[in-house]
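Scroll down for the structure; my scribbles are underneath it.
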Amino acid sequence: MSEAVRLLIWDMDETFWKGTLAEEGIIAESNAAAIVRTLTERGILNSICSKNDFEAVKAELEAMEIWDHFVFPSIDWSSKGKRVAEIIQKMQLRPETVMFIDDNPTNREEVRQTCPGIQVEDETFVERILESDLFKGKDDKEKKRLKQYKLQEQKYKDRNESGDAALDDYDFLRKSNIQVEIIYDLTEHKERVAELLNRTNQLNFTKKRLSEDKVEALYDVERMIEHTGTFNHMAVVRVRDNYGDYGIVGFFHVVQNATDNFLVHFCFSCRTLGMHIETWVYRYLGEPYLEVQGEVANDPTTDTAPVDWVQLTSFDEEGEAVPLQQADYPILMGGGCDVDSIRHYVKDCSSDITVFTNTVRNGFLIRRDHSSMVRISVEGGEREHTALRQCGYKAEDFFPSLRPLEEAPWGLVVFSFWADAGFQIYRLPDSEHTATYCPPQVAYGNFQQFYEDDFLRMGGPRSELRYYRFAKANLRPLGVIDEERHKENLRAILRKVPAHCDVVLFTLPSKVPDLYPESGILERHATVAFWQYEVSEEFPNVRCVNFDQFIHSLEEAHTYDHFGRVVYLRAGQYLKDLYQRKVRELEE
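Per our numbering, the sequence shown starts with residue 1410, numbered consecutively.
Written out as structure tokens, the structure is:
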């Protein structure tokens, strides 16, 4: 089955019009011109491959007020096969999405041979174009697609007429002032996301499609962007350069957490092919795992282009570019799944950002977001660190030093001690300090109630038995943290934060579905939050921010402490606004 046509290449004599322009003259009927105008409003492009005099054809089409509807016209006396191939290459399309119409059977066969896969018809097909399913297109009365390819045409012309023989492709890109905006709020871009997933091919790297039914596809996109949960980050990519605005040209959906980092969707429009935007975005995301499916025009996982010509930008309401300048004031974020899911939305604020979150190692859950663990890092001595290492902890599990904050004129510190609500703590040997310890499948329970056989049965590796044995022999269970110890931990940690640095404490939400009413977990959330509010009043630089304010409906709460993507987006925007407002104050 033939693919929908994205580009129609016209022959002129005896096809677009009756007669031969260079001989007896032509009868310039308006029917073909009307077809071109209609196709343009359907988002379908038109080009020309004609054996004729360029200026003569241009004059006739200008008289019809239709010349500007064509892109990359090829009008001379040379063979058509190579010229049609050049048009397709310049427009960076696949031949399968292109149709060539010509009355001459020799020309048609030459194009077929030169451009395998191209759709070819004779002049009698002209009257059926607008009724054909191949030319349904989509509503584009503003002619956005034509305008975008006119930009591409001008770029190609400038590149080849620069007169600078030494100007290579990379130099040209550097002079083009390419600006990229990453847009995480997808509310107004759902239809475009659906289009990119279903229509892009050359730069669609995972090839994961939606339903062919437009209503179903849009519904699937809405569910994906509004209700996909923790660790899922997605955005659209907008591109501009000296030649104009290419609009939304890309979409990505990446899953990033302690154990995973992979792209679910990664696709870009061919209108920016050759600019290496896909490679820049891939590197910007930290080169997550990408399993490229099928043939692609450029593989970002192997692309060696320097891509030093892209500037990360935002655009104001008037569409003017506002370069994103990362401030030098540090951001330090410590927490659990929430911080892991928020980090994506604040990464552009600061050139100095440190994120410290939970991880999983050999089946063990390393709860770095518990106040006891952070307190050991900022206050504990070698005795406590040695004991934890003997339990299987590693150096990277200790919270980063707060000392660099002392050297900065200002900084933002974000904590979410959500593990304090439900995880068990254990007193370390010969110490007043406590820590969490979560072997495989124990989670909120007391691991001291399990034995070696249980440990192995629940997936614990034999290589970790020596650590488990040490913990069994030396860690004393104390249950979940009480008010006194929690407040002691907070005070000890907050005293280490320089007074000139602002601290945000994300408190646990309580206005979420009570999935486990027998556990009393929501009441516990409210209690721990109250303790944190009380302690925060002792520190002028500390503010408590309840996560409830980012949850706009119960549907957005997947559990009592895991939420839809949009919740983390709002929390990230809160931190970003706070940071940028403070930076403006400091620099005024």
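The beta carbon of each residue, even a glycine, is placed where N, CA and C say it ideally should be.
Taking the alpha carbon of T1795 as the point to measure from, which residue in Y1876, D1862, W1718 and G1452 has its own alpha carbon closest? Y1876
Taking the Cβ atom as the reference point for each residue, do Q1588 and T1722 lie within a distance shorter than 8 Å? The beta carbons of Q1588 and T1722 sit closer together than 8 Å.
Taking 7 Å as the cut-off, is the C-beta of D1594 nearer than that to any heavy atom in the ligand COA? This structure lacks the ligand COA, and indeed carries no ligand of any kind.
DSSP state of I1834 mapped onto helix, strand, coil: strand
When the Cα atoms are used, what is the spatial distance from I1497 to Y1977? 43 Å
For E1551, which option in N1641, F1773, A1472 and G1452 has the closest C-alpha, if you only look at C-alpha atoms? Among N1641, F1773, A1472 and G1452, the Cα nearest to that of E1551 belongs to G1452.
Which residues in the same chain have their Cβ closer than 7 Å to the Cβ of N1613, if we skip the five residues on either side of it in sequence? C1676
Please report how far the alpha carbon of Y1579 lies from the alpha carbon of Q1563, in whole angstroms. 17 Å
Would you say H1794 faces chain B, with C-beta separation under 8 Å as the test? No chain B is part of this structure, which consists of one protein chain only.
Please report the Cβ distance between V1602 and V1663, rounded to the nearest whole angstrom; I am assuming they are in contact, meaning their Cβ atoms lie under 8 Å. Between V1602 and V1663 the beta-carbon gap is near 14 Å, outside 8 Å, which marks them as no contact.
Could you tell me how far apart the beta carbons of S1456 and I1510 are, in whole angstroms, since I believe they sit closer than 8 Å? That pair is no contact at about 11 Å.
I need the straight-line Cα distance from T1639 to R1974, nearest angstrom please. Roughly 6 Å separates the two Cα atoms.
For D1403, which residues in the same chain have their Cβ closer than 7 Å to its Cβ, ignoring the five residues on either side in sequence? Only positions 1410 to 1997 of the chain appear in this structure, which leaves residue 1403 out of reach.
Exposed or buried, which one is V1690 when buried takes at least 16 other CB atoms within 10 Å? buried
Could you give the distance in angstroms between the alpha-carbon of T1710 and the alpha-carbon of A1844? 41 Å
E1892 lies in the alpha helix (DSSP H); which residues open and close that run? Per DSSP, E1892 belongs to the alpha helix (DSSP H) from E1892 to K1905.
Spatial distance of T1446 from R1618 (CA atoms): Rather than Thr, the amino acid found at residue 1446 in this sequence is Arg. About 31 Å.
Contacts around V1719, its chain only, beta-carbon distance under 6 Å, and the 5 residues preceding and following it disregarded: I1587, V1589 and W1689
Residues bridged to N1950 by DSSP? In DSSP, N1950 forms no bridge with anything.
Contact set for N1950: own chain, Cβ-Cβ below 8 Å, skip 5 residues either direction: V1906, A1908, H1909, C1910, D1911 and V1912
L1555 to G1981, Cα distance in whole Å? 37 Å
Excluding the 5 residues preceding and the 5 following S1411 in the sequence, name in chain order all residues of the same chain whose CB lies nearer than 7 Å to its CB. Q1528 and L1543
Span separating the alpha-carbon of N1771 from that of Q1858: Those two C-alpha atoms are separated by around 20 Å.
I think C1758 touches K1985, with their Cβ atoms under 8 Å apart; what is that distance to the nearest whole Å? Their Cβ separation, rounded to whole angstroms, is 6 Å, which keeps C1758 and K1985 in contact under 8 Å.
Separation of M1473 from V1442, as counted between CA atoms: Reading the sequence as shown, one finds Ala at residue 1442 and not Val. If you take the alpha carbons of A1442 and M1473, they lie about 7 Å apart.
Terminal residues of the continuous alpha helix (DSSP H) containing K1499? K1489 to M1500
If you run the structure through DSSP and keep just helix, strand and coil, what is H1478? helix
Should F1959 and V1823 be called a contact, given that it needs their Cβ atoms to be closer than 8 Å? no
Unbroken alpha helix (DSSP H) run spanning I1785, endpoints: S1780 to E1788 is the span of the alpha helix (DSSP H), which, as asked, contains I1785.
Any idea which residues DSSP pairs M1742 with across the strands? In DSSP, M1742 forms a bridge with V1764 and V1823.
Using the Cα positions of E1621 and L1963, report the straight-line distance between them to the nearest angstrom. 31 Å
Do you know how far the Cα of I1591 is from the Cα of D1462? 45 Å
Should M1867 go down as buried or exposed, given a rule of 16 or more other Cβ atoms within 10 Å for buried? exposed
Whose CA, out of F1660, V1783, V1769 and I1785, lies closest to the CA of E1604? F1660
Considering only the beta carbon of each residue, do S1487 and E1519 sit closer than 8 Å? Taking the C-beta atoms as reference points, E1519 is found no nearer than 8 Å to S1487.
Could you check what DSSP says for S1962 in three-state terms: helix, strand or coil? coil
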